Amino acid sequence: MKKLFIFGVPLIAFVILVVFLFSGLFSDPRELDSQVKGKAVPDFSLPDLMAPEITYTPEVFSGKVTLLNVWGVWCVTCAVELPYLTELTQQEGINIVGLYFDQDLDPEFGTKTLNRVQQEVRDITGRFGNPYAFHIFDVYRDTALDLGVTGAPEHFLIDHHGVIRMHHVGDINERVWNNKVGPLYRQLKQELAQQSGAE
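With the UniProt record's numbering, the residue at position 102 of the sequence shown is 102, and numbering never jumps.
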């Protein structure tokens with residue numbers, strides 16, 4: 001019985017570990033359940049990147065469907081998706097708001113002035129397209145952390161009540177929009193239209 005225990009416990013632990021690793025091998029990290037999905041946007045009070053005298057709070061998402069795009073000029077994939085996001089705003093009138101943070105404003109990475117950040121944003125959106133209604137400047141990355149952001153780009157689809165209905169990790173391209181994000185966006189727009197019509 002003692003031998004069975006000595007050899008059995010490590011064997012069971014090994015089998016559990018193999019099953020866990022095997023399931024992770026075939027999972028898509030972009031499909032991880034977000035802890036904020038189904039919850040209201042976390043509280044924040046942040047400036048507009050281009051007009052710092054303007055302050056935004058979660059109220060900015062009330063009454064409209066919004067795609068919140070977490071991005072930065074240092075993110076190559078963010079630049080790659082800008083033309084398609086711009087196309088979406090032009091063709092489908094998608095409301096896209098940027099949640100911008102800059103690594104170089106962090107003391108760990110060095111220093112950069114606000115004017116330089118603004119110019120870099122103008123340069124990249126001038127070259128690749130500007131889909132943004134405005135940019136919320138997440139100065140210390142607190143809001144990104146509250147949202148569970150692990151990198152960029154990441155996207156949060158927010159309904160007209162300010163509730164996060166989808167979290168997508170990675171870029172949005174035609175395939176992702178048509179198969180995942182777009183259908184829910186249109187559904188949320190329809191819900192908004194029905195509620196507005198009933199009032």
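Each residue gets a CB set at the ideal place from its N, CA and C atoms; glycine is no exception.
Keep in mind the model is a prediction, meaning the values are calculated, not measured.
Over what stretch of residues does the beta strand (DSSP E) that includes residue i continue unbroken?
{"i": "D154", "result": "Reading off the sequence shown, one finds Glu at residue 154, where the question assumed Asp. Here the beta strand (DSSP E) through E154 covers 154–158."}
Please state the DSSP three-state secondary structure of residue i.
{"i": "A82", "result": "In the sequence on display, residue 82 carries Leu and not Ala. Correct three-state label for L82: helix."}
{"i": "F137", "result": "strand"}
{"i": "D171", "result": "coil"}
{"i": "W177", "result": "helix"}
{"i": "D48", "result": "strand"}
{"i": "T57", "result": "coil"}
Measure the beta-carbon distance from residue i to residue j and round it to whole angstroms, keeping in mind my assumption that it falls under 8 Å.
{"i": "I158", "j": "L68", "result": "6 Å"}
{"i": "E81", "j": "D171", "result": "4 Å"}
{"i": "G197", "j": "A40", "result": "About 24 Å; that fails the 8 Å criterion."}
{"i": "H168", "j": "H155", "result": "4 Å"}
{"i": "G151", "j": "Q103", "result": "No, G151 and Q103 are not in contact; Cβ-Cβ is about 11 Å, not under 8 Å."}
{"i": "K64", "j": "H160", "result": "6 Å"}
{"i": "V176", "j": "M166", "result": "Contact flag wrong, Cβ pair sits at about 11 Å."}
{"i": "Q119", "j": "M50", "result": "That pair is no contact at about 11 Å."}
{"i": "V149", "j": "V60", "result": "Between V60 and V149 the Cβ distance is about 18 Å, and since that is not below 8 Å, they are no contact."}
Would you call residue i buried or exposed, if buried means 16 or more other Cβ atoms sit within 10 Å of its Cβ?
{"i": "V97", "result": "buried"}
{"i": "D142", "result": "exposed"}
{"i": "P183", "result": "exposed"}
{"i": "A144", "result": "buried"}
{"i": "S100", "result": "Before going further, note that residue 100 is Tyr rather than Ser in the sequence given. Buried, by the Cβ-count rule."}
{"i": "Y132", "result": "buried"}
{"i": "D28", "result": "Residue placement at D28 is flagged as unreliable, the pLDDT there being 43, under the threshold of 50; the coordinate-derived value follows with that caveat. Result: exposed."}
{"i": "P52", "result": "exposed"}
{"i": "E92", "result": "exposed"}
{"i": "Y140", "result": "exposed"}
{"i": "L79", "result": "In the sequence on display, residue 79 carries Ala and not Leu. Under this definition A79 is a buried residue."}
{"i": "V121", "result": "buried"}
{"i": "V76", "result": "exposed"}
{"i": "T113", "result": "exposed"}
{"i": "T55", "result": "exposed"}
Based on the DSSP output, what are the partners of residue i in its beta bridges?
{"i": "W71", "result": "Y100"}
{"i": "T77", "result": "DSSP lists no partner for T77."}
{"i": "A40", "result": "V163"}
{"i": "Y132", "result": "I96"}
{"i": "T66", "result": "I158"}
Which residues mark the beginning and the end of the alpha helix (DSSP H) in which residue i is found?
{"i": "N115", "result": "114–128"}
{"i": "L147", "result": "Here L147 belongs to no alpha helix (DSSP H), and DSSP marks it neither H nor E."}
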